[in-house]
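Contents: one structure, followed by commentary.
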Amino acid sequence: MARGLEAATGRRLRLLLDTNALYWSLVEPTRLSARAADALEDEANDVFVSVVSAWEIGVKRAKGKLEMPAALEPMLVEKRFEALALTLAHALLIETLPPHHHDPFDRMLIAQAQAESLVLVTSDREMRRYPIAVLPAV
């Protein structure tokens, strides 16, 4: 069980998808763990997608490193995923994070999860080293 995660108690979860979890939920849903898939489908939960993930997807698509349908926004609406804006408070939190992880996109997601008290849905084990709640995506 992830730190700070009490899914079994029926509490409403506030989830933040990392970019891989977002991609899998939209394009390859069978790659998600049953727990992650159930949490994303549970209408009682709030599921957030950071603009940082949309930015990362755009960068990777432009470089030819990721194949994904171009219509990301309608896909998010269909899944009832909510956009999470990047704020100055999120950006300023980056400098306080320990240097466990060096990917700037992932560090921003960690900062957002921390600032907003969100459970990060991720397959990245390095992200688990931060003081945030994590739900394993795989």
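Residue numbers (this note's numbering): 11 to 148. Idealized CB from N, CA, C, for every residue including glycine.
My assumption, with CB atoms under 8 Å, is that residue i sits in contact with residue j. Please give the rounded CB distance.
{"i": "VAL59", "j": "LEU32", "result": "6 Å"}
{"i": "VAL129", "j": "ALA147", "result": "11 Å between Cβ atoms; not a contact."}
{"i": "LEU50", "j": "SER35", "result": "6 Å"}
{"i": "VAL61", "j": "ALA93", "result": "6 Å"}
{"i": "THR29", "j": "GLU66", "result": "5 Å"}
Can you give me the start and stop residues for the alpha helix (DSSP H) that residue i sits inside?
{"i": "SER60", "result": "SER60 -> not in any alpha helix (DSSP H); beta strand (DSSP E) instead, spanning 56-60."}
{"i": "PRO114", "result": "114-126"}
{"i": "GLU92", "result": "Here GLU92 belongs to no alpha helix (DSSP H); instead the beta strand (DSSP E) covers 92-94."}
{"i": "LEU145", "result": "From DSSP, LEU145 is part of no alpha helix (DSSP H) but of the beta strand (DSSP E) over 144-146."}
{"i": "LEU103", "result": "98-103"}
Along the chain, where does the beta strand (DSSP E) containing residue i start, and where does it finish?
{"i": "PRO79", "result": "Looking at the DSSP string, PRO79 is not in any beta strand (DSSP E), and its letter there is neither H nor E."}
{"i": "THR132", "result": "129-132"}
Once the 5 residues before and after residue i are set aside, which same chain residues still bring their CB inside 7 Å of it?
{"i": "ARG138", "result": "VAL144"}
{"i": "ALA64", "result": "LEU82"}
{"i": "VAL37", "result": "MET78"}
{"i": "GLU136", "result": "HIS110, HIS111"}
{"i": "ALA125", "result": "ALA99, HIS100, LEU103"}
{"i": "ASP134", "result": "ASP28, ASP116"}
{"i": "ALA159", "result": "No information on residue 159 is available, as it lies outside the stretch 11 to 148 that the chain covers here."}
Counting only the same chain and skipping the five closest in sequence on each side, list residues whose C-beta sits under 6 Å from that of residue i.
{"i": "PHE91", "result": "VAL57, VAL59"}
{"i": "ALA121", "result": "HIS100, LEU103, ILE104"}
Can you name, in chain order, every residue of its own chain whose Cβ lies under 8 Å from the Cβ of residue i, other than the five neighbours on each side?
{"i": "ASP52", "result": "LEU23"}
Validate contact between the region 72-86 and the region 39-46 using beta carbons, cut 8 Å, 3 pairs = In short, these stretches do not touch, since the Cβ pair count stays below three.
Three or more C-beta pairs closer than 8 Å, one from the region 86-93 and one from the region 114-134: is that the case here?
-> Output reads no: the region 114-134 does not touch the region 86-93.
Mind pulling the alpha helix (DSSP H) runs of 4 or more residues that sit fully within the region 21-73?
-> Along the region 21-73, the alpha helix (DSSP H) occurs as fully enclosed runs of 4 or more residues at 29-37, 44-51, 61-72, listed in sequence order.
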